[in-house]
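J.:
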Amino acid sequence: DSAIREMLAIDKSNWQVVEIIGWLYQYYIAERKDEVFANLKKGKKISKEDIPAATQIFTPKWIVKYMVENSVGKMWLEAHPNPELQSKFKYYLESAEQDEEVKQKLKEIINKNICPEDIKVLDPACGSGHILVTAFEVLYEIYKSAGYVEDDIASLILTKNLYGLDICDRAAQLAQLAVVMKAREYDKNISNKVTELNITSIQESNWMSDSKVKECLMNGVDNQLLAQSQIEQLLTTFNDAKEYGSILDVKDFDFEFWNERLTAIQSLYMGLFYSKSIVDLQENLPKLVKQAKIMQQKYECVIANPPYMGGKGMSSKLSEYAKKKYPMSKGDMFAIFKEVILNHTSNNCYGSTVNQHSWMFLSSYEQLREYLLNNAVIDTMVHLGTRAFEELAGEVVQTTTYVTRKINEPNYIGKFVKLTDYPNAKLKEEKFLKFNSNDIYTCKQNGFHSIPGSPIAYWASDRVREIFKNAEQISDYADVITGMTIGDNNLYMRFWSEVNYQKINIGQVVYEDIDLKERNWIPYLKGGGYRKWYGLYEYIVNWAESTNFNRPKTTMKDKYLRKGITWSFLTSYAFSARFFDYGFLWDVAGSPMFLKDNEKLYYILGLLGTKITRYFLNLVNPTLNFQAIEVAAMPMIYNEDKKENIEKLIYDNICISKDDWDSFETSWDFQEHPLLRFKENGKVSDSFNKWKEYKQEQFNKLKANEEELNKLFIEIYGLQEEMTPDVDDKDITVVLADETRDIKSLMSFAVGCMLGRYSLDEKGLAFAGGEFDSSKYKILEVDEDGILPILSDTWFEDDIVEEFKRFLKKAFGELYFNENMQYIADVLGRKGSESAEDRIRTYYLKDFYKDHLQTYKKRPIYWMFTSGKEKAFNCLMYLHRYDKTTLSRIRKDYLHEYQAKLDRAKAQAEAEGNVKLNSLYSKYQSEILEYDRKLQVFADSQIELDLDDGVKVNYAKFKGLLEAEKDVVGRGK
4 DSAIREMLAI
14 DKSNWQVVEI
24 IGWLYQYYIA
34 ERKDEVFANL
44 KKGKKISKED
54 IPAATQIFTP
64 KWIVKYMVEN
74 SVGKMWLEAH
84 PNPELQSKFK
94 YYLESAEQDE
104 EVKQKLKEII
114 NKNICPEDIK
124 VLDPACGSGH
134 ILVTAFEVLY
144 EIYKSAGYVE
154 DDIASLILTK
164 NLYGLDICDR
174 AAQLAQLAVV
184 MKAREYDKNI
194 SNKVTELNIT
204 SIQESNWMSD
214 SKVKECLMNG
224 VDNQLLAQSQ
234 IEQLLTTFND
244 AKEYGSILDV
254 KDFDFEFWNE
264 RLTAIQSLYM
274 GLFYSKSIVD
284 LQENLPKLVK
294 QAKIMQQKYE
304 CVIANPPYMG
314 GKGMSSKLSE
324 YAKKKYPMSK
334 GDMFAIFKEV
344 ILNHTSNNCY
354 GSTVNQHSWM
364 FLSSYEQLRE
374 YLLNNAVIDT
384 MVHLGTRAFE
394 ELAGEVVQTT
404 TYVTRKINEP
414 NYIGKFVKLT
424 DYPNAKLKEE
434 KFLKFNSNDI
444 YTCKQNGFHS
454 IPGSPIAYWA
464 SDRVREIFKN
474 AEQISDYADV
484 ITGMTIGDNN
494 LYMRFWSEVN
504 YQKINIGQVV
514 YEDIDLKERN
524 WIPYLKGGGY
534 RKWYGLYEYI
544 VNWAESTNFN
554 RPKTTMKDKY
564 LRKGITWSFL
574 TSYAFSARFF
584 DYGFLWDVAG
594 SPMFLKDNEK
604 LYYILGLLGT
614 KITRYFLNLV
624 NPTLNFQAIE
634 VAAMPMIYNE
644 DKKENIEKLI
654 YDNICISKDD
664 WDSFETSWDF
674 QEHPLLRFKE
684 NGKVSDSFNK
694 WKEYKQEQFN
704 KLKANEEELN
714 KLFIEIYGLQ
724 EEMTPDVDDK
734 DITVVLADET
744 RDIKSLMSFA
754 VGCMLGRYSL
764 DEKGLAFAGG
774 EFDSSKYKIL
784 EVDEDGILPI
794 LSDTWFEDDI
804 VEEFKRFLKK
814 AFGELYFNEN
824 MQYIADVLGR
834 KGSESAEDRI
844 RTYYLKDFYK
854 DHLQTYKKRP
864 IYWMFTSGKE
874 KAFNCLMYLH
884 RYDKTTLSRI
894 RKDYLHEYQA
904 KLDRAKAQAE
914 AEGNVKLNSL
924 YSKYQSEILE
934 YDRKLQVFAD
944 SQIELDLDDG
954 VKVNYAKFKG
964 LLEAEKDVVG
974 RGK
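Quick note: the sequence shown uses my numbering, first residue 4, plus one each step.
Structure representation (structure tokens):
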């Protein structure tokens, strides 16, 4: 408060004042805001006391100016054209040129007799007042242009024009301060002229329930029924009002009655009735009546940056009220305020706001869009996209700001400025001021209805709208299904590599043939990232345990295990559709479609993989969520003449993508490592180069195919004027060869051969559960006990580096063995005089497990037991070869043996006077001794694993023994 009082004596430019006040308020709530959002992540609802901290944000001044100048300024200028005045409005945007019929209608509704005092401006979520201050500026220029005496203007604006509401008392105080300081800039005596502003914080009426208060209010009233009705209405309307704020539905107040009551209450003698009741009435009743007046009347301009708060954050009271009063917009507070703004706006007048653009596209807001389009027109819009607010630069918040007019005119043409492609707030403002014609679009109001769901897709051409209007939909050719939800993913879902492979039903065709007692896991589509044509088949679901979760309707049972098309519901980049073969069930995140005629499967997959579908989906919903209903509504034009060509391309694309997916060990159809597949003369470097050449050819072929598909479908849809068939390299979803990645994956494959997951004798998985058969490993013998020590030197015969050397000789031959070791070490980043063997050892010791965790998405199949920070003792164990004696064997055959060897090595170092080595061995001994104590407890327990429980649960059984426990199990587990 002292800082505020000091500011009263400071002469600053108007926006400096607003910024100071705004940032002062945001500083005031910043700490609480962090607490609120931290609690929200824990599932705690936002209380009414915390709503301001959770929802306040300072709107960039140029956006505020756009909203005000194009509502308040436009309302005046359309009635009183004035080029000189208009030139002062830097962010003024001329409305689109209208058809003659619309022009005539507008002439009839424009109030040419309007005077500046008639333009009432409301900000129903005024915060610290920056919108009201900007409105003051614009109004001041309007008053001047109308010939008002300048000494009177400031007081007229404060008393006649500006109205503000906020849920936060402190925010309303700062808003009052901001407009008063703005007024002082023009009239130093304003405080003597204006004693009360039409800006207030929402107050509650809970105190009125006291019988003494009601008695005071009823005292001396002739019409007792009217008094009782009005008192009850005031009490009911504003009960817990801070829970709801400006979204309250306020109507039917008799202000003649309340003005009389206010006068009577102020004259009451303190001793006549219970004094506290009189004090409450005299202090609080004027506030309630004032806010009721503000909330009941209509306004010429309603302007706001409303709060953003999703339904998940709302308290139960607020959520229930939103569902009851605002069923079309209940999903988020910003959407509710769209209705509030429209409700407070007088007919033929303006509303303006900035909010998230999701209301323009999401199916959940379809009713809201229809309501708005039927009751108002969009005059102008600046579609901002991400990073329009500098303070939200790190968050992906898509915003738009726009001005509506409350008239019903389906032929009204709106003007739209598309700034979504510009990456930051400063550039968006600069591009808006330059008015690049490529950024400007116009669209008739009724044009939005031509696309299913009525998205505000203003950039769609007439041809595109015609396609949506006349073409069939994909749903005419396919059943597009929203997948199932399993509730607790940790309980029912796994990566396929976690469980016993023999218990997974891979490639099953007939659902009734599955014996869930023998094989309880079924492949499960769960979306993933951006990938086209084939792949992202990683998950399985425990169908035997599924009775507790929400299966799809029984009518969908005939779809189980059928082949079809899937896509990722949520992606970080763009829509991507993929073929899936027989044997799958499907999650919401990997929803499927099943063709009514499988002869058309490749044709529709081809369409879904083109730029056309991406463009159409971007019209319907330019977010990164792709719902089944939106995919089903895509326009479908079937061309029999081009079908055969399209099918050949799609078959090729699926083969290329499947080959790519299966080249990595995270695919259940992985057969052999690509560097073995392309082995020619025994040189690993030559194998890589051959692989690199092959991958580039595949990449180029897939790109050419996709461009040909685009060309064919662009011709089918008649969109040659809209787009080109070109495809960017970044949109091709097969990987090119990567020397470092591929050498590391070879080293991972080598570990798999050492431990028995793979064999050089046969392709594909050699062992991933069931009965272990050592006879499968003739070329390269499998490690007998399934335990590989990874130590600082070769302390054991089956040391991992020694095993890798054996693998390299068997897999690539001995002729180029030394050259291959050097090459691999160099790719790993060998430094200076470091030997190849040392570099390979360092990788296995320090970096292999990090890469393994990343490859298997924190569900490792090889587990690294480690003694601690010094990494004195480490060994790898293959999950599928674990049994209850494994820990005892690690302790007896390796740890104790290593301790004995270390003791001898330390004694020798002491004898030789090697201080450095002696010190290192001492650290190792201390760490190993402590590790042995912990390991003994677990070894004696003979822990059993149930692979169905998954890696996370089983990993947690060995707390303190394994590498990267926090990554796999989670913190605090």
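In this text, a Cβ means the ideal position worked out from N, Cα and C, and glycines have one as well. Note that the structure is a prediction, hence the values are computed from the model and not measured.
Indicate whether Y881 and G789 have their beta-carbon atoms separated by less than 9 angstroms.
T.: Going by C-beta atoms, Y881 is nearer than 9 angstroms to G789.
J.: If the criterion is Cβ atoms closer than 9 angstroms, does the pair Y527 and L610 meet it?
T.: No, the Cβ-Cβ distance between Y527 and L610 is not below 9 angstroms.
J.: Secondary structure at G388, three-state DSSP: helix, strand or coil?
T.: Here G388 sits in strand by DSSP.
J.: Are C293 and E246 close, meaning C-beta to C-beta below 9 angstroms?
T.: The residue you asked about is not Cys; residue 293 is Lys in the sequence shown. No, the Cβ-Cβ distance between K293 and E246 is not below 9 angstroms.
J.: Using the three-state DSSP reduction, which class does Y247 fall into: helix, strand or coil?
T.: Note: Y247 maps to coil in three-state DSSP.
J.: Pairing CB atoms from the region 895-907 with CB atoms from the region 811-826, are three or more of them under 8 angstroms?
T.: Verdict: no, contact absent.
J.: Spatial neighbours of Y934 within its chain, please: C-beta separation below 6 angstroms, excluding the five flanking residues on both sides.
T.: S870.
J.: What's the call for S440, buried or exposed, on a 16-neighbour Cβ count within 10 Å?
T.: The residue in question, S440, is exposed, as its Cβ has fewer than 16 Cβ neighbours within 10 Å.
J.: Okay, do the region 765-781 and the region 667-675 touch, 3+ Cβ pairs below 8 angstroms being the bar?
T.: Judged by Cβ distances under 8 angstroms, the region 765-781 makes contact with the region 667-675, as three or more pairs qualify.
J.: To the nearest angstrom, how far is it from the Cα of E1005 to the Cα of Y166?
T.: Examination of residue 1005 is not possible in this model, given that the chain is present from 4 through 976 alone.
J.: Using the three-state DSSP reduction, which class does A33 fall into: helix, strand or coil?
T.: Because A33 sits at a pLDDT of 49, beneath the cut-off of 50, its placement in the model cannot be relied upon, and the following sentence gives the value as read from the coordinates. It is helical.
J.: According to DSSP, is T488 part of a helix, a strand, or is it coil?
T.: Looking at T488 - three-state DSSP - the assignment turns out to be strand.
J.: Assuming contact is defined by CB atoms lying nearer than 9 angstroms, are P119 and A138 in contact in what I supplied?
T.: Cβ atoms of P119 and A138: not closer than 9 angstroms.
J.: Nearest to Q206 by alpha carbon, out of L291, I344 and G130?
T.: Here the closest residue by C-alpha is L291.
J.: Which ranges does the alpha helix (DSSP H) cover as unbroken runs of at least 4 residues, wholly within the region 571-659, from first to last along the chain?
T.: Within the region 571-659, the complete alpha helix (DSSP H) runs of at least 4 residues are 604-611, 614-623 and 631-635.
J.: Buried or exposed: which applies to H899, given that a residue is buried once 16 or more other Cβ atoms fall within 10 Å of its Cβ?
T.: Exposed, since its Cβ has fewer than 16 Cβ neighbours within 10 Å.
J.: If we count Cβ pairs, one from each stretch, closer than 8 angstroms, do we get three or more for the region 145-159 versus the region 119-130?
T.: Segments in contact, yes.
J.: Alpha carbon to alpha carbon, what distance is there between D257 and K296?
T.: Computed Cα separation, rounded: 10 angstroms.
J.: Can you give the Cα-Cα distance for Q299 and M496, rounded to whole angstroms?
T.: Looking at the two C-alpha atoms, the distance is approximately 54 angstroms.
J.: For T407, which of helix, strand or coil comes out of DSSP?
T.: Three-state DSSP puts T407 in a strand.
J.: Mind checking L229: buried by the 16 CB within 10 Å criterion, or exposed?
T.: When all chains shown are included, L229 counts as exposed.
J.: Rounded to the nearest angstrom, what separates S457 and D243 at their Cα positions?
T.: Looking at the two C-alpha atoms, the distance is approximately 37 angstroms.
J.: Give me the Cα-Cα distance between K327 and L251, rounded to the nearest whole angstrom.
T.: Going by the C-alpha atoms only, they are around 12 angstroms apart.
J.: For E548, I'd like the list of residues in its chain whose CB is within less than 8 angstroms of its CB, leaving aside the five on either flank, ordered along the chain.
T.: Excluding positions up to five away in sequence, the list reads L494, Y495 and N523.
J.: Between the beta-carbon of I946 and the beta-carbon of K962, is there less than 9 angstroms?
T.: Going by C-beta atoms, I946 is not nearer than 9 angstroms to K962.
J.: Examine the Cβ distances between the region 752-760 and the region 785-804 and report whether three or more of them are shorter than 8 angstroms.
T.: Yes, they touch.
J.: Hey, could you find the ends of the beta strand (DSSP E) Q236 is sitting in?
T.: First-last for Q236: Q227 to T240, but that is the alpha helix (DSSP H), not the beta strand (DSSP E).
J.: Can you list, in chain order, the residues of its chain with a C-beta nearer than 8 angstroms to that of G510? Leave out the 5 residues immediately preceding and following it.
T.: The answer, listed in chain order, is D584, Y585 and G586.
J.: Can you find the residues in the same chain that come closer than 7 angstroms, C-beta to C-beta, to R390, ignoring five residues on each side of it along the sequence?
T.: Closer than 7 angstroms at the Cβ level, and outside the excluded window around R390, lie A396, P426, N427 and A428.
J.: With DSSP run on the structure shown, which of helix, strand or coil describes A753?
T.: Three-state result, A753: helix.
J.: Nearest CA to the CA of E710: which residue from G612, K645 and Y618?
T.: Comparing Cα-Cα distances from E710 to each of G612, K645 and Y618, the minimum goes to G612.
J.: Would T383 and F419 be called neighbours here (beta carbons separated by less than 9 angstroms)?
T.: Cβ distance < 9 angstroms, so T383 and F419 count as in contact.
J.: Per DSSP, what are the beta-bridge partners of T402 in this structure?
T.: Partner(s): Q359 and G388.
J.: Can you give the beta carbon distance from W866 to L965, rounded, assuming they're within the 8 angstroms contact cut?
T.: Going by Cβ atoms, the distance from W866 to L965 rounds to 6 angstroms, so yes, they are a contact pair.
J.: Report yes or no: do three or more beta-carbon pairs, one from the region 206-219 and one from the region 180-194, lie closer than 8 angstroms?
T.: With a cut-off of 8 angstroms, the region 180-194 and the region 206-219 do not count as touching, because too few Cβ pairs lie within range.
J.: Could you tell me whether the region 365-384 touches the region 307-317, using the rule of 3 or more Cβ pairs below 8 angstroms?
T.: Judged by Cβ distances under 8 angstroms, the region 365-384 makes no contact with the region 307-317, as fewer than three pairs qualify.
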